[in-house]
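Q: Mind looking over this structure? Questions follow.
Number of protein chains: 2
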Amino acid sequence: MFSKACEYGIKATIYIAVRSNEDKRVSLKGIANHIDSPEAFTAKILQMLARENIILSVRGINGGFEIEKSRLEHIKLADIVKAIDGDNIYKGCGLGLSECNELHPCPVHFEFKKVRDDLRELLETTNLKSLAMDVSSGVSFLRI
Amino acid sequence: MFSKACEYGIKATIYIAVRSNEDKRVSLKGIANHIDSPEAFTAKILQMLARENIILSVRGINGGFEIEKSRLEHIKLADIVKAIDGDNIYKGCGLGLSECNELHPCPVHFEFKKVRDDLRELLETTNLKSLAMDVSSGVSFLRI
DNA sequence: TTTTATTCGGACAAAAAAGTCCTATTTTGG
DNA sequence: CCAAAATAGGACTTTTTTGTCCGAATAAAA
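Order-wise, the sequence lines are chains A and B.
Its first residue numbered 499, the first sequence is counted upward by one per residue in the numbering used here.
Its first residue numbered 499, the second sequence is counted upward by one per residue in the numbering used here.
Now the structure itself:
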């Protein structure tokens with residue numbers, strides 16, 4: 499469904515959110531450890547997210563990554579996915595036709611409509627804060 | 499969502515179904531032309547589908563691919579997807595956790611449940627015959 | 001001011017996916 | 001039987017994705 503990069507990106511952002519909510523900044527190493535991802539590759543993904551202003555990166559000693567607490571509620575899963583994988587997952591044609599729409603549909607267009615729309619809805623409404631809260635409270639997990 | 503191979507596989511199978519329903523056998527070349535796919539690559543995918551007994555391949559002059567008419571209704575999208583991409587799309591964890599379930603969920607597990615289940619339902623119930631009929635009647639399209 | 005702990009970013013490497021090419025095999029029609 | 005028209009399948013190439021390495025830049029602490 500998502501690329502590996504996107505999976506790491508989502509997990510990393512959630513972990514940064516968890517710690518930011520506790521007013522802590524986290525290092526690349528800390529992130530990679532907590533989400534069980536390859537460090538150097540994760541660094542690339544965090545760079546992308548920082549360039550898209552989804553997370554804030556701070557260089558130097560005691561540096562790391564953080565997210566402004568007040569923004570946690572307003573950052574949606576869709577923002578992360580779009581920054582890394584683009585929006586083809588929930589906007590593109592299920593069979594890869596370049597011109598697929600209600601008037602010129604691929605064979606699975608209408609069947610997929612509901613799934614695609616639900617996925618879009620989900621990504622566009624699920625916010626970082628609630629995802630982070632579930633992890634903090636032990637309701638959900640970022641690894642294994 | 500699906501790999502390129504799977505997209506080609508689905509389109510190819512639908513096209514074979516369309517022609518089988520008219521009691522015609524189709525050649526690789528005919529398939530690749532109609533679904534706008536790379537011929538040699540499509541050949542590999544058709545081999546996979548034939549090995550999985552989803553389609554029947556016939557060698558030699560006047561050879562090609564076909565599907566027993568009576569089976570069209572019973573072959574589901576899920577059969578094709580499973581043969582090519584496996585069932586990770588609708589069975590695996592959205593964030594790639596190896597052990598993600600109701601008791602040890604990833605942060606998006608419950609949010610994704612509906613989408614995943616709907617996708618599975620869709621793939622497991624949509625049959626080749628109805629997809630082929632829509633193409634035959636000009637309701638849906640296999641290319642552009 | 002120097003050391004140290006960080007991220008940044010470019011170049012590289014490995015693995016997987018996508019795609020090509022060529023020869024062997026099969027089948028049928030002449 | 002032979003030639004022609006197909007698919008089968010192995011080896012190969014290209015592209016994309018995933019992942020690594022290392023030096024430069026940065027910022028704080030000593």
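Yeah, the Cβ is synthetic: ideal placement off N, Cα and C, and Gly gets one too.
Are residue 503 of chain B and residue 565 of chain B touching if we call contact CB-CB under 8 Å?
A: Not a contact, by the Cβ cut-off of 8 Å.
Q: Output needed in chain order: residues of the segment 606 to 624 of chain B with a Cβ under 8 Å from some Cβ in chain A.
A: For the segment 606 to 624 of chain B, which is checked against every Cβ of chain A, the residues closer than 8 Å are 606, 607, 609, 610, 612, 613, 616, 617, 620, 624.
Q: Alpha carbon to alpha carbon, how far is residue 453 of chain B from residue 512 of chain B?
A: Residue 453 of chain B lies beyond the stretch modelled for chain B, which goes from 499 to 642, so this question has no answer here.
Q: What residue range is occupied by the uninterrupted beta strand (DSSP E) comprising residue 528 of chain B?
A: Premise fails: residue 528 of chain B lies in the alpha helix (DSSP H), 526 to 533, not in any beta strand (DSSP E).
Q: I'd like to confirm the pairing. Which residues does DSSP put opposite residue 564 of chain A in its beta bridges?
A: Note: residue 564 of chain A sits in a beta bridge opposite A:554.
Q: Got a sec: is the Cβ-Cβ distance from residue 602 of chain B to anything in chain A below 8 Å?
A: Yes - at least one Cβ of chain A is within 8 Å of the one on residue 602 of chain B.
Q: From the DSSP output, in three-state form, read off residue 574 of chain B for me.
A: Here residue 574 of chain B sits in strand by DSSP.
Q: Where does the unbroken alpha helix (DSSP H) through residue 586 of chain A begin, and where does it stop?
A: It spans 586 to 589 - the alpha helix (DSSP H) in which residue 586 of chain A sits, taken as one unbroken run.
Q: Between residue 600 of chain A and the rest of its own chain, which residues show a CB-CB distance below 8 Å, the 5 nearest in sequence each way excluded?
A: Once the five neighbours on either side are set aside, the close Cβ partners of residue 600 of chain A are 607.
Q: Could you work out which residues of chain A lie near residue 502 of chain B, taking near to mean beta carbons separated by less than 8 Å?
A: Here the neighbours are 594.
Q: Give the single residue among B:520, B:632, B:591 whose Cα lies nearest to the Cα of residue 602 of chain A.
A: Of B:520, B:632, B:591, the residue nearest in Cα terms is B:632.
Q: Which residues does DSSP list as the beta-bridge partners of residue 602 of chain A?
A: Answer is A:599.
Q: Can you grab the Cα-Cα spacing for the pair residue 588 of chain A / residue 526 of chain A, in whole Å?
A: Distance between the alpha carbons of residue 588 of chain A and residue 526 of chain A: 30 Å.
Q: Applying the criterion that 16 or more other CB atoms from any shown protein chain within 10 Å of the CB defines a buried residue, is residue 605 of chain A buried or exposed?
A: Residue 605 of chain A comes out buried.
Q: So, using beta-carbon positions, are residue 575 of chain B and residue 624 of chain B closer together than 8 Å?
A: Yes. Within cutoff.
Q: What first and last residue would you give for the alpha helix (DSSP H) that runs through residue 509 of chain B?
A: Counting along the chain, the alpha helix (DSSP H) containing residue 509 of chain B begins and ends at 502 to 518.
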